[in-house]
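Visitor:
Numbering (this note's numbering), first residue to last: -19 to 212.
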């Protein structure tokens, strides 16, 4: 791995599922209790903001009750010790990467953040939003979850695509390979000449695009891979 100087890592819901956070797409996931259109679209929020706020209040409270798992800790270790450039991108809205010691780019936003629809300010937020608190910046009761819903543009896409175009290795961990634009990251990386690796519980919808796919629990696969890449 001595030729690997620049790495982009994408993590998805299944890395956090091993910490006890429900995923939307698996059996028993949150989508079965609420329609996507009702809780994860701007139209759903406009139609029934109270429902959406309660839904994310529940998720915000739940994420604060779980802990990072070995996969999160291994990626934090790699971020600290890798001598080249590493960008950790996550589709997850939890803060488990941060609590393990990493500094991810949250392309789909963060549960523990509130966005003011009136002034655009963002605020760290751990409590409920359903009771309509005022924005600390402008005083308007217009706070919403700082989460990217279907139909909205993910955050920092220019930075992500620039990193994909220049990386030596792209690694996808715990993703379904079904949600764009993240599902197309492997193709972007390959066009730039990068090696590609998938670490997932089972083959994703995009497994055929990867140079190598390893299947199993992230809590086992990720620490093993980090040991390989770091030589420790």
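Here a beta-carbon is modelled for each residue, glycine too, at the ideal position from N, C-alpha and C.
For clarity, every value in this text was computed on a predicted model and none was experimentally measured.
Please list, in chain order, all residues of the same chain as residue 195 whose beta carbon is under 7 angstroms from its beta carbon, the five residues on each side excluded.
Guide: As a position in the chain shown, residue 195 is number 215, starting the count at 1. Here the set comprises 180, 181, 182 and 183.
Visitor: Tell me whether residue 197 sits in a helix, a strand or coil according to DSSP, three-state version.
Guide: In the chain shown, residue 197 corresponds to position 217, counting from 1. In the structure shown, residue 197 sits in coil (DSSP, three-state: anything other than H, G, I, E or B).
Visitor: Between which two residues does the alpha helix (DSSP H) harbouring residue 139 extend?
Guide: What you label residue 139 is simply residue 159 of the chain shown in a count that begins at 1. Where residue 139 is concerned, the enclosing alpha helix (DSSP H) stretches over 137 to 146.
Visitor: Under the rule that 16 or more other beta-carbon atoms within 10 Å means buried, what is residue 90, buried or exposed?
Guide: Residue 90 sits at position 110 when you count from the first residue of the chain shown. Buried, because 16 or more other Cβ atoms sit within 10 Å of the Cβ of residue 90.
Visitor: Helix or strand or just coil, what does DSSP make of residue -6?
Guide: Residue numbering aside, residue -6 sits at position 14 when the chain shown is read from its first letter. Note: residue -6 maps to helix in three-state DSSP.
Visitor: Identify whether residue 23 lies in helix, strand or coil by the three-state DSSP scheme.
Guide: Here residue 23 refers to the residue found at position 43 when the chain shown is read from its first residue. Residue state, collapsed to three classes: helix.
Visitor: Looking only at its chain, what residues have a beta carbon closer than 6 angstroms to the beta carbon of residue 12, apart from the 5 residues adjacent to it on each side?
Guide: Locating residue 12 in the chain shown gives position 32, where the first residue counts as 1. Residue placement at residue 12 is poorly supported in this model, since its pLDDT is 49, which falls under 50; the coordinates still yield a value, given next. Cβ neighbours of residue 12 beyond the five flanking positions: none.
Visitor: Mind pulling the beta strand (DSSP E) runs of 3 or more residues that sit fully within the segment 160 to 197?
Guide: DSSP runs (the beta strand (DSSP E)) wholly in the segment 160 to 197: 175 to 180 and 192 to 195.
Visitor: Is it right to say residue 70 is buried, meaning 16 or more other beta carbons lie within 10 angstroms of its own, or is it exposed?
Guide: If you number the chain shown from 1, residue 70 lands on position 90. Burial call: buried.
Visitor: Does residue 128 come out as helix, strand or coil in the three-state DSSP assignment?
Guide: Counted from its first residue, the chain shown places residue 128 at position 148. Note: residue 128 maps to coil in three-state DSSP.
Visitor: Are the beta-carbon atoms of residue 56 and residue 80 separated by less than 8 angstroms?
Guide: Residue mapping note: residue 56 aligns to position 76 of the chain shown, counting from 1. Residue mapping note: residue 80 aligns to position 100 of the chain shown, counting from 1. Result yes, Cβ atoms of residue 56 and residue 80 sit closer than 8 angstroms.
Visitor: Quick one: using the 10 Å Cβ neighbour count with 16 as the cut-off for buried, is residue -9 buried or exposed?
Guide: Looking up residue -9 in the chain shown gives position 11. By the 10 Å Cβ count, residue -9 comes out buried.
Visitor: By a C-beta neighbour count over all protein chains shown, 10 Å radius and 16 as the cutoff for buried, is residue 45 buried or exposed?
Guide: One-based indexing of the chain shown puts residue 45 at position 65. That one is exposed.
Visitor: Since residue 51 contacts residue 199 with CB under 8 angstroms, what's their CB separation in whole angstroms?
Guide: Taking the chain shown and counting its residues from 1, one reaches residue 51 at position 71. Taking the chain shown and counting its residues from 1, one reaches residue 199 at position 219. Going by Cβ atoms, the distance from residue 51 to residue 199 rounds to 5 angstroms, so yes, they are a contact pair.
Visitor: May I have the straight-line CA-CA distance separating residue 207 from residue 58, to the nearest angstrom?
Guide: Within the chain shown, residue 207 is the residue found at index 227, counting from 1. Within the chain shown, residue 58 is the residue found at index 78, counting from 1. Spanning the two alpha carbons is a distance of roughly 9 angstroms.
Visitor: Taking a contact to mean a Cβ-Cβ separation below 8 angstroms, would you say residue 121 touches residue 112 in this structure?
Guide: For the purposes of this step, residue 121 is taken as residue 141 along the chain shown, with counting starting at 1. For the purposes of this step, residue 112 is taken as residue 132 along the chain shown, with counting starting at 1. Yes; because the gap between Cβ atoms is below 8 angstroms, this pair is in contact.
Visitor: Where does the unbroken beta strand (DSSP E) through residue 90 begin, and where does it stop?
Guide: Counting from 1 along the chain shown, the entry for residue 90 is found at position 110. That run of the beta strand (DSSP E) goes 89 to 96.
Visitor: Rounded to a whole number of angstroms, what is the C-alpha to C-alpha distance between residue 37 and residue 24?
Guide: Taking the chain shown and counting its residues from 1, one reaches residue 37 at position 57. Taking the chain shown and counting its residues from 1, one reaches residue 24 at position 44. If I take the Cα positions, the gap works out to 16 angstroms.
Visitor: For residue 66, which residues from the same chain have a beta carbon less than 6 angstroms from its beta carbon, with the 5 sequence-adjacent residues on both sides left out?
Guide: The count along the chain shown starts at 1 and reaches residue 66 at position 86. Only -13 and 59 meet the Cβ criterion.
Visitor: For residue 63, count neighbouring Cβ atoms within 10 angstroms of its own Cβ and tell me buried if that reaches 16, exposed if not.
Guide: Taking the first residue of the chain shown as position 1, residue 63 is located at position 83. With fewer than 16 Cβ atoms within 10 Å of its Cβ, residue 63 is classed as exposed.
Visitor: Since residue 46 sits in a beta bridge, which residues does DSSP pair it with?
Guide: Looking up residue 46 in the chain shown gives position 66. Answer is none; residue 46 lacks a bridge partner.
Visitor: Return the residue from the list 174, 128, 73 and 103 that minimises the CA-CA distance to residue 117.
Guide: By one-based count along the chain shown, residue 117 stands at place 137. When each option's Cα is compared against that of residue 117, the closest is 103.
Visitor: Could you compute how far the alpha carbon of residue 128 sits from the alpha carbon of residue 53?
Guide: Counted from its first residue, the chain shown places residue 128 at position 148. Counted from its first residue, the chain shown places residue 53 at position 73. Roughly 25 angstroms between the two C-alpha positions.
Visitor: Can you tell me which of 164, 150, 197 and 109 puts its alpha carbon nearest to the alpha carbon of residue 40?
Guide: Position 60 of the chain shown, counted from the start, is the residue given in the question as residue 40. Considering only alpha carbons, the answer is 109.
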